[in-house]
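Asks: First the structure, which I've put down as structure tokens, then a few questions once you've had a look.
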Amino acid sequence: MTCGGDFLTLGLESSCDDTAVAVLRGARDVRSELLSSQTLDHAPFGGVVPEFAARRHLEAFLPLTAEALRRAGVREPRDEIGLVAVTSGPGLMGALMVGVMAAKALSLAWDKPVIGVNHLEGHIFANVVSFPDLLPPFLCMIVSGGHTEIVLVRGFGDYVLLGGTRDDAAGEAYDKVAKALGLSYPGGPVIDSLAASGDPAAFDFPLPLRGSQEVEFSFSGLKTAAATLIGRMTRDGGRIPLEDFCASFQRAVTEALMNKLRLASRLTGVRSVSVSGGVAANSALREALRREPGWRVCIPPRDRCTDNAVMIAAAGYAAYQRGERSSLSLAPDPSWEIWKK
Ligand code: KG4
Ligand code: ZN
87 MTCGGDFLTL GLESSCDDTA VAVLRGARDV RSELLSSQTL DHAPFGGVVP EFAARRHLEA
147 FLPLTAEALR RAGVREPRDE IGLVAVTSGP GLMGALMVGV MAAKALSLAW DKPVIGVNHL
207 EGHIFANVVS FPDLLPPFLC MIVSGGHTEI VLVRGFGDYV LLGGTRDDAA GEAYDKVAKA
267 LGLSYPGGPV IDSLAASGDP AAFDFPLPLR GSQEVEFSFS GLKTAAATLI GRMTRDGGRI
327 PLEDFCASFQ RAVTEALMNK LRLASRLTGV RSVSVSGGVA ANSALREALR REPGWRVCIP
387 PRDRCTDNAV MIAAAGYAAY QRGERSSLSL APDPSWEIWK K
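Numbering (this note's numbering), first residue to last: 87 to 427.
Encoded structure:
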């Protein structure tokens, strides 16, 4: 089987709390994509419970894969699928293990190659799938529940980490502040929708690392400032003006992200900018990016910002074309780093 435009890649993603399967034809023709979200299962715990996540992935993978193949019109996967691409890190060990084992079993049964994909390279490819003319060099800011990183994509497979967070990830800050406000998990989308009718100037939150000339983030101070304010307002018996509070917090996070993205662009001279990860679904961030003068901005559709298997299939297909392969000894690597520093 050649690696041409008709080549079908099966993508599997299970690094955290979403089980996702996709069939991709060539580099970006999505034939099917399915996702089983565990958000409601973990919501009562206020965060992802790793063992529970792994068990849910185990239950979801086979029916999801069968349905994704059916929707893609694949009757004989052994003849029609060219490659199995699976997230093999970074992520939760047990969760990754389920995906990697499923991918290796399918690869063995169908006698087809398997390739382990880095989840963060996958997030970069969420943009590549959505924007055919997005070519390196470009910047990609990955902002999710576990990551806040700005990466220079010098070429596909050639990534330089310009900077990341010293402590909490941006999505983590959203989730923790939402929890302190008594809002549901995941907190980002809830804060985002409350913020829509609030005043972003109502509260003055500290802007993390504003003066630093390093591409680095810190969200724990902002989170603590928010928690302290919530504590004070609650103690005083007052009602927290939720909309204003959320809008102001969201403004602080957005400005912190935009400031460092601007710095990264100045330092590298690269004005082609993309974003990915759950927080890239945030309305204020999307709006700020669109308004930034002089940049060519790529913002994937919201469902490609959060975890999905299309991005994994696309990154796997590109790596396969570059000649990369994994063997059947492929094992999950929960802290896999692909960046050059
Ligand atoms: O990429 P993702 O689906 O999973 C990983 O963490 O890998 O990102 C989930 C994170 C959560 O922290 C969630 O609160 C945040 O993305 N998020 C948002 C929005 N939608 C999801 N944060 C701010 N605004 C949103 N609209
Ligand atoms: Zn992710």
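Glycine residues also receive a C-beta, built at the ideal position from the N, C-alpha and C atoms.
1) Please look up how many angstroms separate the CB atoms of residue 248 and residue 301, rounded, as I've assumed it's under 8 Å.
2) Kindly examine the ligand ZN and report whether one of its heavy atoms sits closer than 7 Å to the Cβ of residue 216.
3) Flag this pair as yes or no: are the beta carbons of residue 360 and residue 384 separated by less than 8 Å?
4) Around the Cβ of residue 299, are there at least 16 other Cβ atoms within 10 angstroms (buried) or fewer (exposed)?
5) In the DSSP assignment, what are the bridge partners of residue 204?
6) Quickly, what does DSSP pair residue 251 with across the bridge? List them, please.
7) Beta-carbon within less than 7 Å of residue 218's beta-carbon, same chain only, minus the 5 sequence neighbours each way: which residues are those?
8) Identify every residue that forms a DSSP beta bridge with residue 426.
9) If you scan the segment 268-305 from start to end, which runs of the alpha helix (DSSP H) of 4 or more residues do you find wholly inside it?
10) Secondary structure at residue 372, three-state DSSP: helix, strand or coil?
11) Report back the beta-carbon spacing between residue 127 and residue 111 to the nearest angstrom; my notes put them in contact at under 8 Å.
12) Kindly examine the ligand KG4 and report whether one of its heavy atoms sits closer than 7 Å to the Cβ of residue 181.
13) What are the boundary residues of the alpha helix (DSSP H) that residue 235 is part of?
14) For residue 197, is the beta carbon positioned less than 7 Å from some heavy atom of the ligand KG4?
15) Pull the bridge partners of residue 197 from the DSSP assignment, please.
16) Once DSSP output is grouped into helix, strand and coil, what is the label at residue 230?
17) Cα-Cα, which of 209, 338, 341 and 147 is closest to residue 191?
18) Of all the CB atoms in chain D, is at least one closer than 8 Å to the CB of residue 139?
19) By alpha-carbon positions, which one of 202, 231 and 352 ends up nearest to residue 448?
20) Taking a contact to mean a Cβ-Cβ separation below 8 Å, would you say residue 97 touches residue 424 in this structure?
21) Could you pull the start and end residues of the alpha helix (DSSP H) that residue 91 belongs to?
22) Going by the CB atoms, is the gap between residue 308 and residue 338 shorter than 8 Å?
23) Looking only at its own chain, which residues have a Cβ that is under 8 Å from the Cβ of residue 394, when we skip the five neighbours before and after it?
24) Nearest-angstrom Cα distance between residue 378 and residue 368?
25) For residue 182, which three-state DSSP category applies?
26) Which partner residues does residue 384 have in the DSSP bridge list?
27) If distances are taken between C-alpha atoms only, which option among 357, 371 and 245 comes closest to residue 363?
28) What is the DSSP secondary structure of residue 326, counted as helix, strand or coil?
Replies: Looking at the atomic coordinates:
1) Under the criterion of beta carbons closer than 8 Å, residue 248 and residue 301 qualify as touching, at roughly 5 Å.
2) For residue 216, the CB stays at least 7 Å from every heavy atom of the ligand ZN.
3) Judged by beta-carbon spacing, residue 384 lies within the 8 Å limit of residue 360, meaning their Cβ atoms are closer than that value.
4) Residue 299 should be labelled exposed.
5) Under DSSP, residue 204 forms a beta bridge with 175.
6) Among the bridge pairs identified by DSSP, residue 251 is matched with 303.
7) Short of 7 Å from the beta carbon of residue 218, and not among the five residues preceding or following it, lie these beta carbons of its own chain, in chain order: 114.
8) Here residue 426 is bridged, per DSSP, to 246.
9) Entirely contained in the segment 268-305, the alpha helix (DSSP H) runs reaching 4 residues are, in chain order, 273-281.
10) Three-state result, residue 372: helix.
11) The Cβ separation is near 32 Å, so there is no contact.
12) Not under cutoff, so the answer is no.
13) Not the alpha helix (DSSP H): residue 235 falls in the beta strand (DSSP E), residues 234-241.
14) For the ligand KG4, not one heavy atom lies less than 7 Å from the Cβ of residue 197.
15) Answer is none; residue 197 lacks a bridge partner.
16) Under the three-state reduction of DSSP, residue 230 is assigned to coil, being neither helix nor strand.
17) The shortest C-alpha separation from residue 191 is found at 147.
18) This model lacks chain D altogether; it includes just one protein chain.
19) Residue 448 falls outside the range modelled here, since the chain spans only 87 to 427, and no answer is possible.
20) Not in contact: residue 97 and residue 424 (Cβ atoms no closer than 8 Å).
21) Note, residue 91: premise wrong, no alpha helix (DSSP H); not H, not E.
22) Going by beta carbons, residue 338 and residue 308 fall inside the 8 Å limit.
23) Cβ within range, chain order: 99, 104, 106, 108, 119, 121 and 212.
24) About 16 Å.
25) DSSP places residue 182 in helix when its eight states are reduced to three.
26) Listed as beta-bridge partners of residue 384 by DSSP are 360.
27) With distances taken between Cα atoms, residue 363 lies closest to 371.
28) Residue 326 falls in the coil class under three-state DSSP.
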